[in-house]
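>
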């Protein structure tokens, strides 16, 4: 297994593009890894909820 290095602000897209206004070197909640293009974070899959009319009919 390889050891994963901790991310720093220097690895962030916003810091490298000089768009970061937060001082320090610890990753913030808006951290995005610096790549050739900025990608949005993955979204969780949507799960359909049971229809409410069916729940009321059973009651």
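Numbering (the numbering used here), first residue to last: 246 to 304.
The beta carbon of each residue, even a glycine, is placed where N, CA and C say it ideally should be.
Report the three-state DSSP secondary structure of residue 265 (helix, strand or coil).
As a first step, residue 265 must be located in the chain shown, where it is residue number 20. Looking at residue 265 - three-state DSSP - the assignment turns out to be coil, as it is neither helix nor strand.
> Could you tell me the distance, in whole angstroms, from the CA atom of residue 282 to the CA atom of residue 254?
Numbered from its first residue, the chain shown carries residue 282 at position 37. Numbered from its first residue, the chain shown carries residue 254 at position 9. Each residue's alpha carbon lies about 17 Å from the other.
> What's the call for residue 261, buried or exposed, on a 16-neighbour Cβ count within 10 Å?
In the chain shown, residue 261 corresponds to position 16, counting from 1. Within a 10 Å sphere around the beta-carbon of residue 261 sit fewer than 16 other beta-carbons, which makes this residue exposed.
> Using the beta-carbon count (16 or more within 10 Å), is residue 257 buried or exposed?
Counting from 1 along the chain shown, the entry for residue 257 is found at position 12. Buried.
> Just verifying my parser: in three-state terms, what is the DSSP assignment at residue 254?
Position 9 of the chain shown, counted from the start, is the residue given in the question as residue 254. Residue 254: helix per DSSP, three-state reduction.
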